[in-house]
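For the sequence shown, full-length UniProt numbering assigns the number 1 to the initial residue and increments by one for each residue that follows. Ideal Cβ positions, reconstructed from N, Cα and C, are used throughout, including at glycine. No experiment lies behind these values; they were computed from the predicted model shown. First the structure, in the form of structure tokens, and then the observations on it.
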Amino acid sequence: MEHILYWLWLTTKYGVTPSKIKVLLEYFKTVEEIYFSKNFNNIYGLSDKIKSSLADKDLSKAEKILEQTAKLNQKILVYDSESYPQILKNISSPPYVLYVQGKVLELDKVLTIGVVGTRNSSEYGRVVTDRICRELAQYGVVTVGGLARGIDTVGAWATLDVGGVAVGVVGSGLDIVYPSENVELVKAITEKGCIISEYAPGTPPVRNHFPARNRIIAGLSRGILVTEAPEKSGALITAKYALENDRDVFAVPRNITDTNSLGTNKIIQQGAKLINGAADIISEYPYAEKVIPKKVKSEPIQKTVDDSKYSKLNEFEKQIIDILKKSDMQIDEISRELKRNVSEINTKLIMLEVKGLVKKLPGSKYQLKL
Numbered sequence: 001m002e003h004i005l006y007w008l009w010l011t012t013k014y015g016v017t018p019s020k021i022k023v024l025l026e027y028f029k030t031v032e033e034i035y036f037s038k039n040f041n042n043i044y045g046l047s048d049k050i051k052s053s054l055a056d057k058d059l060s061k062a063e064k065i066l067e068q069t070a071k072l073n074q075k076i077l078v079y080d081s082e083s084y085p086q087i088l089k090n091i092s093s094p095p096y097v098l099y100v101q102g103k104v105l106e107l108d109k110v111l112t113i114g115v116v117g118t119r120n121s122s123e124y125g126r127v128v129t130d131r132i133c134r135e136l137a138q139y140g141v142v143t144v145g146g147l148a149r150g151i152d153t154v155g156a157w158a159t160l161d162v163g164g165v166a167v168g169v170v171g172s173g174l175d176i177v178y179p180s181e182n183v184e185l186v187k188a189i190t191e192k193g194c195i196i197s198e199y200a201p202g203t204p205p206v207r208n209h210f211p212a213r214n215r216i217i218a219g220l221s222r223g224i225l226v227t228e229a230p231e232k233s234g235a236l237i238t239a240k241y242a243l244e245n246d247r248d249v250f251a252v253p254r255n256i257t258d259t260n261s262l263g264t265n266k267i268i269q270q271g272a273k274l275i276n277g278a279a280d281i282i283s284e285y286p287y288a289e290k291v292i293p294k295k296v297k298s299e300p301i302q303k304t305v306d307d308s309k310y311s312k313l314n315e316f317e318k319q320i321i322d323i324l325k326k327s328d329m330q331i332d333e334i335s336r337e338l339k340r341n342v343s344e345i346n347t348k349l350i351m352l353e354v355k356g357l358v359k360k361l362p363g364s365k366y367q368l369k370l
């Protein structure tokens, strides 16, 4: 138990980032040596504030974290433990402590594919993600994602719907569900899979945590699937981490005039593997035959969604549907696109919601229902 306390002490110290820990371990070799050292002057790149922080050997904060995780029924995996995934150890900047809610999976023994994409997904993006993730899960693949709105959430639910195993990686303490509407998703994932974070309980989901989270998604995955991403999507950060750490990157193509496809098409241009279904991903991993219990037939992805359910709508309502096919939008954005006043748009959206064709999201956004 003291060994874990030393890791918690180290990873919660001021300015001690994973890259600093890597430097410290190259010099001291073990976390115990770091803890008991009184002199850090010979370590390159440590500021005086960091040295002062490391000189403080108080374990009370670490003990409190250990107590919190026990109360929350969370597990702690430290970098040098047997349960820590080897696949994650091998990245350039691994997290040295992982907090786990749910099952501690043997991720080195299964095929893991990260599924990422835009929060503002279109109906096409959601349909494609849903279908491919269902197929991957039926192949026995464990899907990994960030639990953000949009593509991440669709991929996780699709995996679970066919009895598959999903892993969520979050940018906050595990006691904080973000976004809040994913409480049920988190609960469902932990029945067979797990939620993972490098952040201690109580840590809020601040902006700079999400790129850091993305490196863990890439690190836990043999390959990354990007189904829909605009040019500046966080999904492209995950794809970048994947390439830097010798992971495969897969992408689904789409219309070159659609802003939600600019990022996806760009990574295809840069060498990502274009795919039409889960079978194209599986074929890249011959060894995976050993862990795949069954196979599914992959049907070609349709470039358009089924419009039959919209046939009885009036022209105005169809225009709103067409707008929402591109991405989730706020009322004022739809108003600008269609050059109609907000009250008219609001009335129609309420009617479409009653008909079960659209769904209201936090922040007054609307999304097409699949």
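Among residues of its own chain, excluding the 5 on either side of residue i, which ones have a beta-carbon nearer than 6 Å to its beta-carbon?
| i | result |
| --- | --- |
| residue 263 | 229, 230, 231, 233, 236 |
| residue 192 | 165 |
| residue 63 | none |
| residue 52 | none |
| residue 347 | none |
Leaving out the 5 sequence neighbours to the left and right, which residues in its chain are closer than 8 Å to residue i when beta-carbon positions are compared?
| i | result |
| --- | --- |
| residue 337 | 323, 329 |
| residue 266 | 231, 236 |
| residue 342 | 331, 332, 335 |
| residue 312 | none |
| residue 300 | For residue 300, the pLDDT reaches just 46, beneath the cut-off of 50, and the residue's location in the model is therefore unreliable, although a value from the coordinates is still provided. The answer, listed in chain order, is 276, 277. |
| residue 211 | 234, 237 |
| residue 222 | 87, 111, 112, 113, 247, 248, 285 |
| residue 205 | 170, 171, 172, 176, 178 |
So, for residue i: in the same chain, excluding its five sequence neighbours on each side, which residues have a beta-carbon less than 7 Å away from its beta-carbon?
| i | result |
| --- | --- |
| residue 19 | 93 |
| residue 177 | 183, 186 |
| residue 352 | 317, 320, 358 |
| residue 13 | 53, 54 |
| residue 15 | 47, 49, 50, 53 |
Helix, strand or coil: how does DSSP classify residue i here?
| i | result |
| --- | --- |
| residue 70 | helix |
| residue 17 | coil |
| residue 178 | coil |
| residue 234 | helix |
| residue 161 | helix |
| residue 270 | coil |
| residue 36 | helix |
| residue 166 | strand |
| residue 83 | coil |
| residue 11 | helix |
| residue 121 | coil |
| residue 275 | coil |
| residue 147 | coil |
| residue 199 | coil |
| residue 29 | coil |
| residue 354 | helix |
| residue 261 | helix |
| residue 228 | coil |
| residue 93 | coil |
| residue 211 | helix |
| residue 312 | coil |
| residue 341 | coil |
| residue 183 | helix |
| residue 173 | coil |
| residue 53 | helix |
| residue 43 | coil |
| residue 286 | helix |
| residue 206 | coil |
| residue 336 | helix |
| residue 254 | coil |
Can you tell me which residues form a DSSP beta bridge with residue i?
| i | result |
| --- | --- |
| residue 76 | 99 |
| residue 60 | Per DSSP, none; premise fails for residue 60. |
| residue 366 | 329, 360 |
| residue 142 | 112 |
| residue 248 | 223 |
| residue 194 | 102, 167 |
Our contact map puts residue i next to residue j with C-beta atoms below 8 Å; I'd like the distance itself, whole angstroms only.
| i | j | result |
| --- | --- | --- |
| residue 113 | residue 141 | 5 Å |
| residue 96 | residue 282 | Not quite, the Cβ-Cβ distance comes to about 33 Å (not below 8 Å), so this is no contact. |
| residue 159 | residue 227 | Contact doesn't hold; Cβ gap of about 13 Å is too wide. |
| residue 150 | residue 117 | 6 Å |
| residue 145 | residue 100 | Going by Cβ atoms, the distance from residue 145 to residue 100 rounds to 16 Å, so no, they are not a contact pair. |
| residue 148 | residue 119 | 5 Å |
| residue 354 | residue 366 | Contact doesn't hold; Cβ gap of about 13 Å is too wide. |
| residue 134 | residue 175 | Contact flag wrong, Cβ pair sits at about 30 Å. |
| residue 200 | residue 173 | 6 Å |
| residue 59 | residue 9 | 6 Å |
| residue 6 | residue 32 | 6 Å |
query: Is the region 99-106 in contact with the region 240-253, if contact means three or more CB pairs nearer than 8 Å?
result: At 8 Å Cβ cutoff, the stretches do not touch.
task: Mind the definition here: the region 81-98 touches the region 48-59 only if three or more C-beta pairs lie below 8 Å; say whether that holds.
output: Contact between the region 81-98 and the region 48-59 is absent, because fewer than three Cβ pairs lie under 8 Å.
task: Would you check if the region 195-203 and the region 167-187 touch, i.e. whether three or more CB-CB distances between them fall below 8 Å?
output: Result yes; three or more Cβ-Cβ pairs closer than 8 Å.
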